[in-house]
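Q: Counting from 1 along the sequence shown, just add 2 to a position and that's the residue number in our numbering. Glycine included, each C-beta is placed from N, C-alpha and C at the ideal position. Given the structure is predicted, the values throughout are model-derived calculations rather than measurements.
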Amino acid sequence: MDRIYGDYEEFERLSSKVATWCSEFLNGLSGRTVAVVSPPDLPRVPLSEEGVGFDEAFGEFERSIAPWLSGSCGPRFLGYVTGGATPAAQLGDWIVSSVDQNVAIPGDSIATKVELQTIEWLRQLFELPDTFHGVMTTGASASNLLGVLAGRERAGEDIGVNISEVGLSPLKIKVFAGTPHSSTLKALSIAGIGKAGMIQVPCYQGTEEIDVGALESELRQYEDHGKIVIASAGTVTGTDFDDLATISKLCREHNAWLHVDGAFGLFSRLIQDKHYLTEGIEFADSITTDCHKWLNVPYDCGVFFTKHPEVQKKILGITASYTEVQSTLPAFMDMGVEMSRRFRALPVWMALKAYGISEHRKIVKRNCHLANMLASWIENSKCYKLLCPSKLNVVLFRTVPGKCDSDKLLEKLNQGGKIFLTPGVWQRERGIRVAFSNWSTTEEDVDLLCTLLQGANN
Ligand SMILES: *Cc1c(COP(=O)(O)O)cnc(C)c1O
C-alpha cells in the first residue's frame, strides 16, 4: 500500500513523465521500426513479493519493453485495417483511465449520457436514421456477435422458440452470407448456430458481392427456418459491398434479420460519391462498425447499432438487486456482452467534438486517394500486377511470374521495418494487401512504399 500512496502523491510528476515519453514516442514514429517481427523474450523474472514503485517499473518498461514496440500507430503500418489514433482520441482515452467510470448502469455518472450522445453523433456522421439505437463494444467482432445473437433470437421467435430461455436444441436456423468476415464465423460458433449453420451464397463472378438472385433462391428453400442474412458493407479484401437495398427487400419478404458488417466500409458514407455503396442500409436490423479502425480512435472500440433494443435486452438484460436503479436511461450492460464496462465512448466523443465530420471525412478521402495512387503505380509497374481493382482504401497485388514470390517478398518488406503489409487472397490467388486507414499516412509514405517495392523485386 505504501508505494501506492507514494505514487499517488506524486501523480502529477509521474504523469508528466509519461506525457513526455508519449510525445517523444509519437514524434519518433517516423524513425521507429514499423513492425517488430521478432521481439526478444522478456527477462524471465518471477513476480516479486515487494513492488518497486512506478518510477522503477517505468524504467524497466523503457528498457525492456519500449524499444520493441511497433510503430503500428504511425503512417506506414498498412496491415489489416489498423488506423491510428488522433491526438484528441488519445487524450480522451487517457482521461478514461484516470476517471475510471464504469458505464454499466446509469444513475452514478454522466457517462451514460455521453455514450448516448456519442452514438447519436456517430449516427449523424453515418447519416443513419434515428430508429437505430447503439452500444459501444470492444470492436467489430463483438458487434458481429451481437448481430448474430439478436438475429438468432428473432429467428427463434419466428418459429416459436424463446432461445434465451430454452436454448438452441429445438432449433432450425440458417445464416446466409456471401463473403462473411472471419469474425462472423467466430460469432456463429459462439452463438451455438455453428459454422455449419451458414449457407455460403455465391457471389457475382470476380467479386466478393453476394449474388442477390442466388440469395433469393436460398431464402426460398428455407421458408420454414428462422433466417439471418449477414451482408457486407466493405469486404476486407475486395472492399465489395452487398446490394443492401435489394437484400433488405428480400429480408422483409422472407422474414430474415438483416445484419450489416460495416466495420470500416460504413465510413464510405462520409464520401458523397460513395454513398450509393451503402444505399438501403437504413433498412437493416443491425449494423456493425469499428471506431478503432477508420475513426482513428485507440484500441479497442467498436459500436453496434440496432433497431431492436428490446431484443438486445431480452438476450443480455440481467436483473440483480445490487444493480437496480431508477432511471429512464438505458443500462448499457443490458445491451452488450460485458457487465462492467470501460468508458469507451469518451475518446470517440472527444474525437468527434475536436475534429467534426469534415476532418474525419478528409482522413477517409485521403486514404482512398492514397490507395488509388498506389494502385496506379502498380498498374504501370513491370514487376507487379493488381489482383483486383482498388475501389476504396485497399490495394491487392502480386508479383509477376518469374519474379520473387509474393509471400517471400512480403516477408522481406516487413523484416525491413520501414513498412508493414499483410497477405491477402483474391479468388484463390495469393497476394499482398495494403490497407490505408491511418490519419497520418501521406503521399510520401506511398512514394516510399513504391521505392521499396521497386527495389525489392528487381
Ligand atoms: C476488422 C473487421 C472485423 C473484426 O473487427 P475487430 O474490430 O477486429 O474485432 C469484422 N468485419 C470486418 C469487415 C472487419 O474489417
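Given the structure, does G304 come close to ligand 1, in the sense that its CB is under 7 Å from one of the ligand's heavy atoms?
A: It does: the Cβ of G304 is within 7 Å (strictly closer) of some heavy atom of ligand 1.
Q: Classify V327 as buried or exposed, calling it buried when 16 or more other Cβ atoms lie within 10 Å of its own Cβ.
A: By the 10 Å Cβ count, V327 comes out exposed.
Q: Report whether the distance from the Cβ of V137 to the nearest heavy atom of ligand 1 is below 7 Å.
A: No, ligand 1 has no heavy atom inside 7 Å of this Cβ.
Q: Only counting the same chain, and skipping five residues up and downstream in sequence, which positions put a Cβ closer than 8 Å to that of W428?
A: T239, G240, L389, C390, L398.
Q: For Y82, list the residues DSSP reports as bridge partners.
A: None, per the DSSP bridge assignment.
Q: Note down the Cα distance separating T140 from G8, rounded to an integer number of angstroms.
A: Rounded to the nearest angstrom, the two C-alpha atoms are 33 Å apart.
Q: Figure out for me which residue from E129, G282, K384 has the closest Cα to the Cα of C406.
A: That would be K384, whose Cα lies nearest to the Cα of C406.
Q: Enumerate in chain order the residues of its own chain whose CB-to-CB distance from A216 is below 7 Å, with the five nearest sequence positions on each side excluded.
A: V203, P204.
Q: Would you say L252 and E218 are within 8 Å of each other, going by their C-beta atoms?
A: Yes.
Q: Is N374 near ligand 1, going by C-beta to nearest heavy atom under 7 Å?
A: Outside the cutoff, so no.
Q: Closest to L130 by CA distance: which of E446, E312, S288, D336 is it?
A: The shortest Cα separation from L130 among E446, E312, S288, D336 belongs to S288.
Q: So does the segment 436-456 actually touch the segment 98-114, counting three or more Cβ pairs closer than 8 Å?
A: Touching, no.
Q: Roughly how many whole angstroms lie between the Cα atoms of L354 and W123?
A: Approximately 8 Å, taken between the alpha carbons.
Q: On a Cα-Cα basis, can you pick out the residue from S50, R435, E26, V339 that is closest to T84?
A: With distances taken between Cα atoms, T84 lies closest to R435.
Q: Assuming G94 contacts W259 under a Cβ cut-off of 8 Å, what Cβ separation, rounded to an integer in Å, is found between them?
A: The Cβ separation is near 34 Å, so there is no contact.
Q: Taking contact to mean at least 3 C-beta pairs separated by less than 8 Å, is the segment 265-280 in contact with the segment 291-301?
A: Touching, per the Cβ criterion.
Q: Report the option in A87, E26, F134 whose CA atom is closest to the CA atom of T308.
A: Of the candidates A87, E26, F134, the one whose C-alpha sits nearest the C-alpha of T308 is F134.
Q: Could you check if F13 is buried or exposed, using at least 16 other CB atoms within 10 Å of its CB as the buried criterion?
A: With fewer than 16 other Cβ atoms within 10 Å, it is exposed.
Q: Run through the segment 81-133 for me and flag every whole alpha helix (DSSP H) of 4 or more residues, listed as ranges in chain order.
A: Entirely contained in the segment 81-133, the alpha helix (DSSP H) runs reaching 4 residues are, in chain order, 89-101, 113-127.
Q: Is K461 helix, strand or coil when you go by DSSP?
A: Lying outside 3 to 460, the shown extent of the chain, residue 461 is not represented and no answer is given.
Q: In angstroms with no decimal places, state the Cα-to-Cα distance between V177 and G153.
A: V177 and G153: Cα-Cα distance of roughly 9 Å.
Q: For the alpha helix (DSSP H) containing P77, list its first residue and its last residue.
A: From DSSP, P77 is part of no alpha helix (DSSP H); its letter is neither H nor E.
Q: Report buried or exposed for Q314, applying the criterion of at least 16 other Cβ atoms within 10 angstroms of its Cβ.
A: Flag for Q314 reads buried.
Q: Roughly how many whole angstroms lie between the Cα atoms of A377 and K393?
A: Distance between the alpha carbons of A377 and K393 is about 10 Å.
Q: Answer with buried or exposed for H277, where buried requires no fewer than 16 other C-beta atoms within 10 angstroms of its C-beta.
A: It is exposed - the Cβ of H277 has fewer than 16 other Cβ atoms within 10 Å.
Q: With a threshold of 8 Å on Cβ separation, who are the neighbours of S99 within its own chain once the five nearest residues in sequence on each side are excluded?
A: Hits under 8 Å: none found.
Q: What residue from R5, E361, G76, V137 has the CA that sits closest to L331's CA?
A: The candidate whose alpha carbon is nearest that of L331 is V137.
Q: Rounded to whole angstroms, what is the Cα-Cα separation between I192 and T120?
A: About 29 Å.
Q: Just checking N146 against ligand 1 - is the residue's beta carbon closer than 7 Å to any of the ligand's heavy atoms?
A: For ligand 1, at least one heavy atom lies less than 7 Å from the Cβ of N146.
Q: Would you mind listing the beta strand (DSSP E) stretches within the segment 242-330 that are 3+ residues and don't spill past its ends, in chain order?
A: Taking only runs of at least 3 residues, the beta strand (DSSP E) segments lying wholly in the segment 242-330 are 258-263, 288-292, 304-308.
Q: When the cut-off is 8 Å and only beta carbons count, does E155 lie next to chain C?
A: The chain inventory of the structure shown lacks chain C, comprising one protein chain alone.
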